[in-house]
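K.L.:
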Amino acid sequence: AQSVTQLGSHVSVSEGALVLLRCNYSSSVPPYLFWYVQYPNQGLQLLLKYTSAATLVKGINGFEAEFKKSETSFHLTKPSAHMSDAAEYFCAVSAANSGNTPLVFGKGTRLSVIA
Amino acid sequence: SAVISQKPSRDICQRGTSLTIQCQVDSQVTMMFWYRQQPGQSLTLIATANQGSEATYESGFVIDKFPISRPNLTFSTLTVSNMSPEDSSIYLCSALQGTEAFFGQGTRLTVV
Chain C
88 AQSVTQLGSH
98 VSVSEGALVL
108 LRCNYSSSVP
118 PYLFWYVQYP
128 NQGLQLLLKY
138 TSAATLVKGI
148 NGFEAEFKKS
158 ETSFHLTKPS
168 AHMSDAAEYF
178 CAVSAANSGN
188 TPLVFGKGTR
198 LSVIA
Chain A
978 SAVISQKPSR
988 DICQRGTSLT
998 IQCQVDSQVT
1008 MMFWYRQQPG
1018 QSLTLIATAN
1028 QGSEATYESG
1038 FVIDKFPISR
1048 PNLTFSTLTV
1058 SNMSPEDSSI
1068 YLCSALQGTE
1078 AFFGQGTRLT
1088 VV
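Chains C and A are the protein sequences, given in the same order. Counting from 88, one number per residue, gives the positions in the first sequence under the working numbering. Counting from 978, one number per residue, gives the positions in the second sequence under the working numbering.
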């Protein structure tokens, strides 16, 4: 079984400040890990994914995440927040190498960016 | 990457009626899924839509309430039956291509 815990349902940062959204996972098998972003009234867009290659993954819009097996974490970061980054962010996990399994999502973190 | 068209984008329905949501993918995909996202909540998997066989439902979801069709590798429908206000939610279609899941824009359902 797999699960994801996102610490903090709401994070608020100033424009230009570091963005850090936390995600911890639980998986009995090697995981694939994902971050998705959801803007108001829109579907989910993939930001980045970890699929057992490089542990530091770079995604779109300047975001990156680092897979740390020892900490079972996959935190999302961005050096400098923009107003346009305000959205809901979801961390998700699936089972690597098991083929065709659905994603299990965390509860989401709403990011607010203050001017 | 796969592009998913989902419709309707939103609807307001009377309680006791049914709504069918359609999901069209622009390429053949092996796996399609249906999720529900209640207001302010995360995504909960309803079922896996299997091509050529019955859908596989998650705990708490049943076929009589959420019948699903998957007639081919690019199309699926989800019906929300005998609706009540508790069914008000966003319903999302997802398709798996390789290691990446793609999502439709969602259907925002309000039951009055």
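Glycine included, each C-beta is placed from N, C-alpha and C at the ideal position.
#1: Does Pro-189 (chain C) get closer than 7 Å to chain A when you measure Cβ to Cβ?
#2: Is the CB of Gly-1083 (chain A) under 7 Å away from at least one CB in chain C?
#3: Can you pull the DSSP bridge partners for Gln-89 (chain C)?
#4: Would you mind reading off the limits of the beta strand (DSSP E) that contains Asp-988 (chain A)?
#5: Using 10 angstroms around the beta-carbon of Lys-156 (chain C), count the other beta-carbons present and answer buried if the total reaches 16, otherwise exposed.
#6: Considering only the alpha carbon of each residue, which of C:Cys-110, C:Ala-140 and C:Leu-131 lies closest to Pro-117 (chain C)?
#7: Would you mind working out which of A:Thr-1054, A:Ser-1066, A:Ser-1053 and A:Leu-1073 sits nearest Pro-1089 (chain A), comparing C-alpha positions?
#8: In the DSSP assignment, find the beta strand (DSSP E) that holds Glu-175 (chain C) and state where it starts and stops.
#9: Bridge partners of Leu-1020 (chain A), per DSSP?
#10: With the cut-off set at 7 Å, would you say Ser-114 (chain C) and Gln-89 (chain C) are in Cβ contact?
#11: Chain C partners of Leu-1073 (chain A), CB-CB under 7 Å?
#12: From the DSSP output, read off the bridge partner residues of Ser-99 (chain C).
P.N.:
Straight from the coordinates:
#1: Working through the first sequence from its first residue, we reach residue 189 (chain C) at position 102. The beta-carbon of Pro-189 (chain C) is placed less than 7 Å from the nearest beta-carbon of chain A.
#2: Taking the second sequence and counting its residues from 1, one reaches residue 1083 (chain A) at position 106. Answer yes: the Cβ-Cβ gap between Gly-1083 (chain A) and chain C drops below 7 Å somewhere.
#3: To locate residue 89 (chain C), count along the first sequence from 1; it is residue 2. Beta-bridge pairing links Gln-89 (chain C) to C:Ser-114.
#4: As a position in the second sequence, residue 988 (chain A) is number 11, starting the count at 1. Its beta strand (DSSP E) spans residues 987-990.
#5: Locating residue 156 (chain C) in the first sequence gives position 69, where the first residue counts as 1. Counting C-beta atoms within 10 angstroms of its own C-beta, Lys-156 (chain C) has fewer than 16 neighbours from the protein chains shown and is therefore classed as exposed.
#6: In the first sequence, the residue the question calls residue 117 (chain C) occupies position 30. Per the Cα distances, C:Ala-140.
#7: On the second sequence, residue 1089 (chain A) is found 112 positions in, with the first residue counted as 1. Sequence inspection shows Val at residue 1089 (chain A); the Pro mentioned does not correspond to that position. For Val-1089 (chain A), the nearest C-alpha among the options comes from A:Ser-1066.
#8: Within the first sequence, the letter at position 88 stands for residue 175 (chain C). Taken as a continuous stretch (DSSP letters only), the beta strand (DSSP E) holding Glu-175 (chain C) covers 174-182.
#9: Position 43 of the second sequence, counting from 1, holds the residue named residue 1020 (chain A). BP columns for Leu-1020 (chain A) point to A:Gln-1014.
#10: Taking the first residue of the first sequence as 1, we reach residue 114 (chain C) at position 27. Taking the first residue of the first sequence as 1, we reach residue 89 (chain C) at position 2. With contacts defined as CB atoms closer than 7 Å, Ser-114 (chain C) and Gln-89 (chain C) qualify as a contacting pair.
#11: As a first step, residue 1073 (chain A) must be located in the second sequence, where it is residue number 96. Neighbours of Leu-1073 (chain A) on chain C, chain order: Asn-187.
#12: Within the first sequence, residue 99 (chain C) is the residue found at index 12, counting from 1. Answer is C:Ser-199, bridged to Ser-99 (chain C).
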